[in-house]
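Numbering (the working numbering), first residue to last: 18 to 252.
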Amino acid sequence: MASTGYGDWIRVFETALRERAERGDPDWRTGVPLHPAIRRSVQRFQVGEDGDGAELITKAEAAGDAEYAAAVRMFVAEERNHARLLALLLTSGGAPLIASHWSDRIFVTVRRALGLRLELLVLMVAEVVALRYYRALRDGGEDALTREVAGRVLADEERHVPFHCHRLRRALRPLPSPVRLLATSLWRAAVAAACLVVAVDHGPALRRLGVGPVRFARETVRASGPIAVAMRRTV
């Protein structure tokens, strides 16, 4: 069987795991109370990161590629680590965690109702939005611990996007070119819709971080363009 390239991704995830172990956690004792707008925003993103990934893992295993399934399990472990880091960031500043948020409930319900290919397209919407959000939190965070945690999460997300793009490119390749173009155009429309939700729901935090909701949405949608092109490439 020809290599599908997921052995390379496993090694990438393993390298990141070793680096995290060697680096250890941030110094949580340096935590300070977050501005209320940023606290509410981080609480909502923490809920979004805090899933067990069981449905995605099951679908990946059903796809019949053991290396891909192993890589997906490592991706899920990184997402759970993000939830842990954000939870500890909130706790270190004296902020409680929240049990759920309506946007995450909708997102999870839609994802679980779909097959692997469509679930990954929905997941990629969240990943692209997360890229810009964590970059804003890293660059505009008001204390060193917040900036460090956001930077760590961002570094992982910058790896997750090409990982999922790799799989989606393979999944979309058999489709006719017009269908691939339609699929990725609809995906970009979903990114724009998600940006609108985030802009409204997280607007005060985005303004506090020096980005603002309009700029956040514009830059996120613009960044989705090259990703859409990469997803529909045939080579």
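All C-beta atoms, glycine included, are put in the ideal place defined by N, C-alpha and C.
Cα-Cα separation between residue i and residue j, rounded to whole angstroms
i	j	result
ILE55	LEU102	15 Å
ALA234	ALA245	16 Å
GLY22	LEU140	21 Å
ARG57	ARG232	20 Å
PRO243	ARG250	11 Å
VAL196	VAL208	18 Å
ALA33	PRO50	29 Å
ARG134	VAL59	29 Å
ALA77	ALA86	5 Å
THR47	GLY158	14 Å
MET91	VAL166	19 Å
ALA14	ALA79	In the structure as shown, the chain starts at 18 and stops at 252, and residue 14 therefore has no counterpart that could be examined.
CYS182	PRO221	31 Å
ARG97	SER194	36 Å
GLY227	ASP218	16 Å
PRO53	GLY81	46 Å
PHE30	VAL145	19 Å
ARG169	VAL178	15 Å
Opening and closing residue of the alpha helix (DSSP H) in which residue i lies
i	result
GLU136	133-157
HIS219	Note, HIS219: premise wrong, no alpha helix (DSSP H); not H, not E.
PRO53	53-66
GLY242	230-249
VAL178	161-189
GLY70	Counting along the chain, GLY70 falls outside any alpha helix (DSSP H), and DSSP gives it neither H nor E.
GLY24	23-40
Local Cβ density within 10 Å of residue i, reported as buried at 16 or more and exposed below that
i	result
ARG213	Note that residue 213 is Leu in the sequence shown here, rather than Arg. So LEU213 ends up on the exposed side.
LEU154	buried
THR75	exposed
LEU189	buried
PRO230	buried
Original post:
Would the stretch 59-71 and the stretch 201-211 be scored as touching if the rule is three or more Cβ pairs under 8 Å?
Top reply: No, the stretch 59-71 does not touch the stretch 201-211.
Original post:
Counting Cβ pairs, one atom from each stretch, are 3 or more of them under 8 Å apart for the stretch 100-114 and the stretch 27-47?
Top reply: Yes, the stretch 100-114 touches the stretch 27-47.
**OP:** May I ask you to verify whether the stretch 71-86 touches the stretch 167-178, counting CB pairs closer than 8 Å and requiring at least 3?
**Re:** Not touching, per the Cβ criterion.
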